[in-house]
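Chemist: Questions regarding the structure given below will be posed in turn.
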Amino acid sequence: MEKKRTWYFYRLFKLLKSSYVQMNDKNEAFLNKEASLAFKRLRIISWCVIAVFPLFTIIDIQLYKEIGSSDSLWRLALIHLSSFLLACLFLLIHTYKLSLKRKYKLFILYMYVTFYLSIGVIGSINSSGLSENVDSYIVLMMGVATVFPLQPFTFGIIACLVHAGFIISMYQLNLSDTASLIKLVNTSAALSISILIVTLYYLYRRNHYYKEQELQQGEENFRTLFEVNPSPLLMLRADTSDVILKSNQALILSGDQGEESIHQLMQKTEMVQFLEEVKQQGSVKDFVMGDQTTNGLKRWLLINGELLDFNKQPSILLGFSDISHLKEKEEDLLFHASKDSLTSCYNRRTGLLYLQAMMQEELDPGLVICFLDINNLKAVNDQLGHAEGDRFIQSVCQIIETHMSPKDLFFRYGGDEFVLVLHNCDLESGQKKWGKIQEAFILVSQLLHKPYTMSVSCGFSFFRNGMSDTMDELIKEADEKMYINKSVTKQHPV
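Just so you know, we're using full-length UniProt numbering here: the sequence shown kicks off at 1 and counts up by one.
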């Protein structure tokens, strides 16, 4: 039993010492906050003492009427009066000395704590002549421990010194009395519990304060990073998509229209779907969305979204990158990968892919495949040069493209060979359309005063849904018919 008691007091002392050392290592802000809070609570207690003083006065008068004059009664009345006067004194100090330094506030606080504990001791000793209990001492000890934000080590020293005075007073009265021994045990237990309460409460307040400081510092750091980030950032409320926070770089999203432009961006169907996906998945990366600036230019945005808690509410952090220049390069690369550099029409690989896709569509009535070969190109190259031969090819392609419908397909098959695919067209209509193109060749040759007549040989094949012919077979058929046409077409030499 003795070992357990020794271990308990040893752990309590270590806890007090730890809190004291850590207190001195922490910043001034926490200590100033503690002192200010203690002063506010002491002010409330002082008003409470003043408010109940008339009641205590009535009780003192009633006791005087019942038991007459006695030293115990006069001491009790003096305790009540001194408590009232000290409460008034503190309110005067609090009213006219609000700018007291922390050390003076703490000095006043602990003087009052010492006073309240002391009147608890005096009241309990004095009760030997009245109620014969130590309730006032225990109540005040527990009240001080729970009401005031005290530093454990300082409170422990004050409480132990006051309790030592209580023990000495009890010895002087009657140590051998069993009731007195029970009072000593109860008050000593109350002392230990009160010190433990002060210590635990202090550690809780300190840890809570520093966690708040860390959160505040983290929020400040977040805002700083938010502002200095070179990419546009937006913080939105997850439920309403309202903008909570935006970085300076986010101005490139709004342009001249400011918040209205950002609001319009958030209302776009693609953006609404993207935000819903972020809410469901928690994180979405590399979402690409097209947008139009206030001056009507097309731009492309790469967006990353993260679902997080900001200011204790679900929020969405959006990071934007303007990738318009990358899109332009991508489109340029795609153009060169899919287009013929001389004529700007599709190259063979891309054209065949599109033709294969067209054959999978619902066709009415079908596709007319025209296999074309430019006549006299070799003669033009040999006699007028390759530059003129290139212009010859370009002129032919331009004429054909002006007579195409939006869904028709035209691509260079190789050299002076091209393929024209007429969409949703029958064979007879396709042949008539080609006849008009040939007339255009002759007319343009005359208008440009070329030393040669533009002429293109053509062979036809037809495809409709349900036919078993493959793409290669259709092109081969049109190619063979083109050569038949070429052999009977009248040539126009340079």
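Here a beta-carbon is modelled for each residue, glycine too, at the ideal position from N, C-alpha and C.
Since the model is a prediction, treat every value here as computed from it, not as a measurement.
Which residue from ILE244, TYR110, ILE399, SER261 puts its Cα closest to that of ALA35?
Modeler: When only C-alpha atoms are compared, the closest one is TYR110.
Chemist: Hey, LYS481 and GLY466 are a contact pair by Cβ (cut 8 Å); roughly how many whole angstroms apart?
Modeler: At roughly 22 Å, the Cβ-Cβ gap does not stay under 8 Å, so LYS481 and GLY466 are not in contact.
Chemist: Taking only the alpha-carbon atoms, compute the straight-line gap between TYR346 and GLY389 and give it to the nearest angstrom.
Modeler: Rounded to whole angstroms, TYR346 and GLY389 show a C-alpha spacing of 19 Å.
Chemist: On the DSSP bridge assignment, give the partners of PRO365 in chain order.
Modeler: Beta-bridge pairing links PRO365 to no other residue.
Chemist: To which residues of the same chain is GLN292 closer than 8 Å at the C-beta, ignoring the five residues directly before and after it?
Modeler: LYS298, ARG299
Chemist: Looking at the structure shown, is PHE418 part of a helix, part of a strand, or coil, going by DSSP?
Modeler: If DSSP states are grouped into helix, strand and coil, PHE418 belongs with the strands.
Chemist: Please state whether DSSP places VAL288 in a helix, a strand or coil.
Modeler: Strand at VAL288.
Chemist: Tell me the DSSP secondary structure of LEU100 in three-state form.
Modeler: coil
Chemist: Would you identify the three-state DSSP class for ASN375, choosing helix, strand or coil?
Modeler: ASN375: coil per DSSP, three-state reduction.
Chemist: Mapping DSSP to helix, strand and coil, what is VAL49?
Modeler: Reduced to three states, the DSSP call for VAL49 is helix.
Chemist: Decide yes or no for the touch test of the segment 234–250 against the segment 208–215: beta carbon pairs closer than 8 Å, at least 3 of them.
Modeler: Under the 8 Å Cβ criterion, the segment 234–250 does not count as touching the segment 208–215, having fewer than three qualifying pairs.
Chemist: Look at LEU308 and LEU317 and say whether their C-beta atoms are less than 8 Å apart.
Modeler: A distance below 8 Å separates the beta carbons of LEU308 and LEU317.
Chemist: Mind checking whether ILE369 and ILE393 have CB atoms under 8 Å apart?
Modeler: no
Chemist: Go through its chain and collect everything with a Cβ distance to ASP479's Cβ below 7 Å, but skip five positions before and after it.
Modeler: PHE371, GLY459
Chemist: Answer yes or no: do PHE411 and GLY351 have a C-beta to C-beta separation smaller than 8 Å?
Modeler: Yes, the pair counts as a contact, with Cβ atoms nearer than the cut-off.
Chemist: For GLY459, write down the residues that DSSP places opposite it in a beta bridge.
Modeler: Looking at the DSSP assignment, GLY459 forms a beta bridge with PHE371.
Chemist: Compare the Cα-Cα distances from PHE53 to each of TYR104, ALA87, ARG205, ASP408 and report the closest residue.
Modeler: ALA87
Chemist: Just grab the DSSP bridge partners of VAL243 for me.
Modeler: DSSP links VAL243 through a beta bridge to LEU236.
Chemist: Residues in its own chain within less than 7 Å of ASN126 by CB, not counting five upstream and five downstream?
Modeler: Cβ within range, chain order: SER72, ARG75, LEU76.
Chemist: Keeping to the same chain, check which residues put their C-beta closer than 8 Å to that of SER487; ignore five residues upstream and five downstream.
Modeler: none
Chemist: To the nearest angstrom, how far is it from the Cα of ILE93 to the Cα of GLU28?
Modeler: GLU28 has its alpha-carbon roughly 23 Å from the corresponding atom of ILE93.
Chemist: Report the residue from VAL49, ILE167, VAL147 whose alpha carbon sits nearest the alpha carbon of SER194.
Modeler: VAL147
Chemist: Assuming ILE244 and SER315 make a contact with CB atoms under 8 Å, what is their CB distance in whole Å?
Modeler: Distance from ILE244 to SER315 at the Cβ level is roughly 6 Å; contact confirmed, criterion being Cβ atoms closer than 8 Å.
Chemist: Just curious, the alpha helix (DSSP H) that PHE441 is in, first and last residue?
Modeler: For PHE441, the uninterrupted alpha helix (DSSP H) segment begins and ends at 427–447.
Chemist: Within its chain, find whatever has a CB closer than 8 Å to the CB of LYS268; leave out the 5 residues flanking it on each side and keep chain order.
Modeler: MET289, ASP291
Chemist: Compare the Cα-Cα distances from LEU78 to each of TRP47, ILE119, LYS40 and report the closest residue.
Modeler: ILE119
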